[in-house]
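Student: Supplied in structure tokens, the structure appears directly below.
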Amino acid sequence: MKNRIAKLMFSMCLLLSLTGCVSDDVPVLINEDELITTVEYRLTNRADDANVVVLKSVDPDGDGPEMPTITTTGKLRVNATYAGSVQFLNESTVPAVDITAEVQEETIDHEVFYATTTMGVQINKLDVDDNGNPLGLLTTFETAGQAAGELLIILRHLPVKPNDGTLSSAGGETDVQVSLPIVVE
Amino acid sequence: MMVAAVICSMATTQAQECTLELKGSVNDFHDGEPLAFAQFYIQELQKTISSDENGRYSIKGLCPRTYTIIISHYDCETKTIQVAMDKDTTQNILLEHHINTLEQVQVIADVHDDHNGTQASTRIDEQTINEYSGATLGDALATVQGVSALKTGNSVVKPVIHGVYGSRVTIVNDGLRQQDQEWGIEHSPNIDVNSASNIQVIKGATALRYGGDAVGGTIIIEPERVISKDTLKGKVIAQLQSNGRGGSISSSVGNYRKSGWYQQATVTYKQLGDFEAPDYILSNTGNQTYAANIAAGYHRFTYGGSVKYSFYDSELGILRASHVGNAADLIRSINTGQPTIIRDFTYQIDPPKQKVQHHGLQLNGYKRFENLGKLQVDYSFQLNNRLEYDIRRGQDAGRAALDLDLQTQTLAAYLIIDALPGTEIELGVDGLNQKNRPNPDTGIRRLIPDYDSNKIGGFASINHRVNDNWLLDAGLRYDYYRIDATKFYLQSRWQGLGYDQQYPQFEIGDQGNQILTNPVFAYNLLAFTAGAKYFAGDHYDFSINLSSANRAPNPSELFSDGLHHALATIELGQLDLNKEQSYKLNLVAHAVKGAIDVEVNPYINRVNNYIQLIPTGLETTTRGAFPVYQYQQIDAVLAGIDLGLKWDLFTANTGASQQVPSTSQVVEKLTLDSRFSYIYGQNRTDDEPLIDMPPPQFSNGLVWSNGIFPNLNLRIANQTLLKQNRFPDNDYEVDVPDDQGNFTTQRVFISESPAAYSLWNVGVSYAFAKAKISFKINNLFDTNYRNYLNKQRFYADEVGRDFQLQVIYNF
């Protein structure tokens with residue numbers, strides 16, 4: 050009896066130690082597909098296709114310690130109307146992933162908000178989600194006189210819809226919050 | 048309490064003289080067999096008598112007063128009864144068949160104390176455990192003074208002993224040290240509370256057999272004991288509750304043979320929907336648990352062995368509103384004062400949620416050697432899988448954000464030398480191999496990296512009863528622990544923390560903006576304990592115990608790296624952490640006299656290199672700004688006092704006339720059960736209070752047993768928690784955009800503790816035949832409150848009123 054128990058135990062130990070349930074492979078690199086590293090707001094002057102302004106925030110290390118890098122190309126003119134389109138990218142992977150496409154697939158789960166304190170600047174959302182509520186990937190961006198300020202772009206995931214167009218009524222979780230400097234000259 | 052029998056005899060004699068007789072028989076609760084040679088210890092007389100071979104006993108020369116009698120039998124669970132003598136009385140006693148091993152007759156006279164050691168410990172009995180059949184292990188443990196619950200919502204409940212938790216509290220389930228990723232604040236023990244028959248909470252690092260790193264203490268969960276006779280016994284507990292609109296059912300059965308063979312099984316199923324606070328539904332807080340424990344073995348005095356398997360599967364919803372995107376969202380949640388998402392009640396569990404599975408397999412064998420003691424060999428295999436689901440986008444929506452497999456194997460050998468009179472020596476060696484493998488398919492960088500760790504250790508302890516008054520014990524343990532991890536760091540993080548300078552030897556190679564590293568660390572860990580206990584007669588005892596623990600930093604403290612969605616924080620590990628060293632002094636004064644059983648336990652725990660998260664600044668990402676916390680080491684002191692009191696305010700023989708066979712009545716009793724705990728925790732390095740210290744707490748319960756009619760118990764209880772006035776100020780400022788695009792700097796109030804609160808619970812239970820039915824109302828007045836030790840206190844109130852119905856059937 051004693052021997053039987055001992056043998057049984059020994060053989061089960063051996064079996065388990067040899068067959069362990071987890072693998073010993075070298076860990077593979079994980080690239081976070083969902084990460085949004087880049088926010089690009091492209092403004093094209095409706096009166097002049099050559100006047101293109103690109104406001105961009107890039108944070109390649111995601112949750113890492115590096116601050117986002119903010120760049121502006123082109124100049125915003127006074128009293129102009131621009132067609133605005135926003136793009137969200139994950140540039141930490143090669144090739145880069147276009148997160149905007151995901152937003153377009155799940156329009157009712159997303160909304161982009163714009164707010165600015167820059168004098169005379171008006172931003173209106175052009176597109177709507179599958180339920181007819183504002184989405185915000187496409188906008189018109191109007192300028193008045195010379196001014197400078199910050200433009201806030203916020204992407205909310207699972208917001209309250211319909212809302213009154215303000216951030217505070219939308220709730221949801223913030224997936225993107227960037228503040229970009231703008232100068233109208 | 049269990050059914051006790053009192054049959055009042057007709058004889059009434061002169062009440063003034065001490066000539067009364069108490070007699071009766073002692074029988075087995077299950078089959079009614081008489082129990083020969085049961086020991087009766089009459090506390091007030093300090094006298095022991097035993098039953099004869101037919102289970103009859105007689106105690107003569109008693110005075111007209113109340114006596115406390117402790118009845119023990121080698122085969123059974125010890126029972127304490129009180130008898131109010133006013134005439135010659137016959138009382139038949141039924142003992143619960145329990146204590147297995149024939150090897151040691153342990154007389155545990157009360158639940159406050161372990162009379163065989165100097166440690167501060169408290170035992171939770173089966174009756175209390177049964178009351179929590181539908182709750183969690185952590186809830187049952189919180190009934191012990193000095194133990195609190197650290198919660199995430201209502202279903203993730205971690206025990207806190209004397210202010211510390213997680214890796215600082217060792218949980219031993221059925222002799223097996225639980226390895227279920229206990230390092231996480233949101234990870235509750237993967238153990239079915241219904242598999243426990245009794246639980247011992249040791250409030251110091253004295254249980255060296257199970258490790259030398261129990262800075263706070265050790266929780267020892269014991270299953271139903273093995274009986275050496277032919278019998279089948281078991282129980283079924285069914286429970287329904289209104290809050291969560293669900294319940295649980297648990298069934299245990301044991302088949303025992305006189306030959307020594309036995310089989311045991313416990314299965315539990317629990318299903319609850321969304322909990323409800325007084326004013327709203329706590330959306331997505333439902334949970335579902337399946338658990339099974341099976342054991343088979345052969346049990347003799349001289350040798351035996353067993354195979355045990357335990358399985359635990361739980362899916363736990365996390366309050367939907369507690370998932371926030373950034374610090375600005377957190378401010379919004381704090382300021383609104385109620386969850387930002389409230390939906391209709393549902394049983395459905397959506398992300399954010401956790402799914403955990405735990406498998407435990409144990410093989411155990413022992414042999415007794417004459418004139419030496421008992422040698423025992425244990426092997427265990429544990430596999431823990433933890434899945435955590437976040438709110439995700441697109442095709443990732445149903446994918447787990449965290450998927451960890453933790454495999455642990457242990458092998459241990461113990462020798463208990465009990466041949467010397469009054470002295471017991473325990474020696475042991477053990478080894479552990481652990482592999483953690485995060486699944487890369489999550490598409491999210493690993494919170495905890497791949498690692499292999501090994502531990503080898505040995506211990507020796509001695510327990511010596513010097514004489515009737517003095518007991519001494521001491522122990523020493525050494526462990527060598529090595530952890531070998533393979534981890535990808537973001538290049539920017541690796542450099543930002545200065546590791547490229549400090550640990551170039553760990554670098555393997557760059558892959559894109561990440562770097563693969565191989566950190567390897569080893570720790571030498573030493574633990575010791577020494578104590579003395581003085582028994583002043585039969586009514587008082589005093590003990591002093593010093594225990595020192597060394598704890599190696601856990602994988603979370605070393606390697607954490609990333610965003611924590613529940614608190615909108617970035618948490619970082621630190622590679623150059625040293626081991627944590629604690630020195631804990633426990634004093635216990637205990638008195639059992641007449642109707643009062645009281646225990647006072649002051650303690651002080653000095654912890655050097657105490658590892659805790661310290662805020663280090665703000666980091667800005669595309670999502671916005673987040674506060675950064677890093678694990679750092681400080682010197683800490685935790686001191687406090689626990690009080691426990693059981694006072695039979697009123698006791699009387701009801702003189703009930705009816706004679707019901709074998710189970711009749713009974714002593715009417717009004718019992719006050721009081722507990723108090725206070726803890727002071729201070730960060731001595733920064734001269735500020737330690738975070739997450741339980742506030743002062745009072746629990747008072749009044750139980751009226753057999754009051755209105757026999758076997759009816761009425762209970763009223765109050766729990767009062769004061770406001771924790773000592774907390775570190777970790778509030779921070781962050782720029783929050785308003786609707787117009789203006790940024791205003793706002794303070795995030797994450798430090799302040801919630802207000803004091805007081806809860807009332809009432810209950811009634813009635814025992815009949817082998818069943819007991821009870822009904823209780825928790826949070827009777829539907830009080831709104833928040834708990835400092837609940838990680839979701841920023842988002843929602845605690846649960847409101849709850850009606851519970853429970854039926855227990857023993858067979």
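Going down the list, the sequences are from chains A and B. Count along the first sequence from 1, add 49, and you get the number used in my numbering. Count along the second sequence from 1, add 47, and you get the number used in my numbering. Glycine included, each C-beta is placed from N, C-alpha and C at the ideal position.
State the DSSP-derived secondary structure class of R256/B, mapped to helix, strand or coil.
Tutor: Of the three classes helix, strand and coil, the one that applies to R256/B here is helix, per DSSP.
Student: Could you tell me the boundaries of the alpha helix (DSSP H) in which Q90/B lies?
Tutor: Counting along the chain, Q90/B falls outside any alpha helix (DSSP H), and DSSP gives it neither H nor E.
Student: In three-state terms, what does DSSP make of Y546/B?
Tutor: Here Y546/B sits in helix by DSSP.
Student: The beta strand (DSSP E) with P784/B in it runs from where to where?
Tutor: First-last of the beta strand (DSSP E) with P784/B: Y779 to P784.
Student: Kindly indicate which residue of Y309/B, I378/B, R367/B and T332/B has the alpha-carbon position closest to the one of G351/B.
Tutor: When only C-alpha atoms are compared, the closest one is Y309/B.
Student: Quick one: Cα of T533/B to Cα of P566/B, how far?
Tutor: Distance between the alpha carbons of T533/B and P566/B is about 7 Å.
Student: Interface residues of chain A around V371/B at Cβ under 9 Å?
Tutor: Simply E222 and T223.
Student: Going by DSSP, what residue range makes up the beta strand (DSSP E) through T115/B?
Tutor: Unbroken beta strand (DSSP E) run through T115/B: T113 to S119.
Student: How about S357/B: is its C-beta nearer than 8 Å to some C-beta of chain A?
Tutor: Not closer than 8 Å to any Cβ of chain A, the Cβ of S357/B fails to qualify, so no.
Student: Do you know how far the Cα of A196/B is from the Cα of T698/B?
Tutor: Answer to the nearest angstrom: the Cα atoms are 34 Å apart.
Student: Under a three-way DSSP split, which group does T175/B fall into?
Tutor: It is helical.
Student: Take K838/B as the anchor and find which of S180/B, T199/B, T125/B and G556/B has the nearest alpha-carbon.
Tutor: Nearest option by C-alpha distance: T199/B.
Student: Which same chain residues end up closer than 8 Å to P117/A when comparing Cβ atoms and leaving out the 5 residues on each side of it in sequence?
Tutor: The residues are S106, V107, D108 and V227.
Student: Identify whether D391/B lies in helix, strand or coil by the three-state DSSP scheme.
Tutor: If DSSP states are grouped into helix, strand and coil, D391/B belongs with coil.
Student: Under a three-way DSSP split, which group does I365/B fall into?
Tutor: DSSP places I365/B in coil when its eight states are reduced to three.
Student: By alpha-carbon positions, which one of D452/B, F348/B, A638/B and S508/B ends up nearest to D585/B?
Tutor: The residue with the shortest Cα to Cα distance from D585/B is A638/B.
Student: Indicate the three-state DSSP secondary structure (helix, strand or coil) for G584/B in the structure shown.
Tutor: If DSSP states are grouped into helix, strand and coil, G584/B belongs with coil.
Student: Please specify which runs of the beta strand (DSSP E), each continuous and at least 3 residues long, are wholly inside the stretch 116–179 of chain A, giving them in chain order.
Tutor: Here the runs fully enclosed are 118–122, 130–139, 159–165 and 171–174.
Student: Just tell me which of I820/B, F841/B and V846/B has its CA closest to the CA of T859/B.
Tutor: Residue 859/B lies beyond the range of chain B shown here (48 to 858); nothing can be said about it.
Student: Taking its Cβ as the centre, do 16 or more other Cβ atoms sit within 10 Å of E151/A, making it buried, or is it exposed?
Tutor: Its Cβ being crowded by 16 or more others within 10 Å, E151/A is buried.
Student: Taking the beta carbon of M25/B as the centre, do at least 16 other beta carbons fall within 10 Å, making it buried, or is it exposed?
Tutor: Chain B is shown only over 48 to 858; residue 25/B falls outside these bounds and no answer can be derived.
Student: Determine the direct distance from the alpha carbon of A803/B to that of E150/B, and round the result to whole angstroms.
Tutor: Any reading at E150/B must be qualified, since the residue scores a pLDDT of 33, below 50, and its modelled position is unreliable; no value is offered.
Student: Quick check on A164/A - is its C-beta less than 8 Å from some C-beta in chain B?
Tutor: Closer than 8 Å to some Cβ of chain B, the Cβ of A164/A qualifies, so yes.
Student: Exposed or buried, what is L82/B when buried is set at 16 or more other beta-carbons lying within 10 Å of its beta-carbon?
Tutor: Buried, since its Cβ has 16 or more Cβ neighbours within 10 Å.
Student: Give me the residue from T136/B, R379/B, V191/B and T470/B with the minimum Cα distance to V795/B.
Tutor: When each option's Cα is compared against that of V795/B, the closest is R379/B.
Student: Go ahead and label G194/A buried or exposed: buried means 16 or more other beta carbons lie within 10 angstroms of its beta carbon, across all protein chains shown.
Tutor: Answer is exposed; the Cβ neighbour count stays below 16.
Student: Where K861/B and A252/B are concerned, what is the direct C-alpha to C-alpha distance, given to the nearest angstrom?
Tutor: The structure shown has nothing for residue 861/B, since chain B only spans 48 to 858.
Student: Would you mind reading off the limits of the beta strand (DSSP E) that contains G185/B?
Tutor: No beta strand (DSSP E) holds G185/B; the alpha helix (DSSP H) holding it covers L184 to L188.
Student: Would you please verify whether the beta carbon of G384/B is less than 8 Å from any beta carbon of chain A?
Tutor: So, not an interface residue.
Student: Please identify the residue among I266/B, P496/B and K400/B whose C-alpha is closest to the C-alpha of V75/A.
Tutor: Checking every option, the nearest Cα to that of V75/A belongs to P496/B.
Student: So what does DSSP say about Q552/B, is it helix, strand or coil?
Tutor: In the structure shown, Q552/B sits in a helix (DSSP, three-state: H, G or I).
Student: Counting only the same chain and skipping the five closest in sequence on each side, list residues whose C-beta sits under 6 Å from that of T470/B.
Tutor: Contacts found: H511.
Student: Starting from the C-beta of H206/A, find all residues in its chain whose C-beta is less than 7 Å away, skip the five residues before and the five after it, and write them out in chain order.
Tutor: D158, H159, G221, E222 and D224.
Student: Mind checking the stretch 77–91 of chain A against chain B and listing, in chain order, the residues whose C-beta falls within less than 9 Å of any C-beta there?
Tutor: Cβ contacts with chain B come from V77, L78, I79, N80, E81, D82, E83, L84, I85, T86, T87 and V88.
Student: Got a sec? Which residues, its chain only, sit under 8 Å from I266/B by beta carbon, not counting five neighbours each side?
Tutor: Excluding positions up to five away in sequence, the list reads L188, P206, I208, V216, T217, I218, V219, I246, Q247, V248 and I249.
Student: Check each candidate in Y650/B, Y257/B and G559/B and name the one with the smallest Cα separation from G475/B.
Tutor: Nearest C-alpha to G475/B: Y257/B.
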